[in-house]
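In full-length UniProt numbering, the protein residues as written are 1 to 125.
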């Protein structure tokens with residue numbers, strides 16, 4: 001028997017997986033491999049991450065996390081996820097450059113760090 005964990009409250013997810021994983025398997029959904037790592041209390045194969053190929057071969061997702069995601073998350077979380085994501089998408093010409101008000105502008109320092117990590121990852125893929 002298994003259940004899919006899907007909540008926006010990370011602490012609730014942690015407590016639920018801790019309380020029920022002894023008896024049933026948990027499939028962690030959403031967010032990232034980092035969420036899986038946080039919620040995996042050393043349960044081994046009793047917890048899985050719902051993310052395509054990583055559901056079968058977790059090493060693929062672990063490689064992606066270590067190679068790409070950790071670098072992005074470190075910078076984006078430092079300057080705010082949504083502003084950083086928006087700035088990165090603008091710099092990659094995926095969304096328009098202009099921001100509607102009251103969207104905050106990032107500092108030159110934040111823009112520089114985000115541009116640097118985006119260019120680094122873009123150069124790797």
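Ideal placement from N, C-alpha and C gives every residue a C-beta, glycine not left out.
Between residue 91 and residue 118, the CB-CB gap stays under 8 Å. For residue 17, the secondary structure class from DSSP, reduced to helix, strand or coil, is helix. For residue 83 and residue 62, the gap between their C-alpha atoms comes out near 26 Å. Boundaries cannot be given for residue 65, as no alpha helix (DSSP H) includes it and DSSP labels it neither H nor E. Counting only residues of its own chain and dropping the five nearest sequence neighbours on each side, residue 76 has a CB closer than 6 Å to the CB of 84. With 16 or more other Cβ atoms from the protein chains shown falling within 10 Å of its own Cβ, residue 65 counts as buried.
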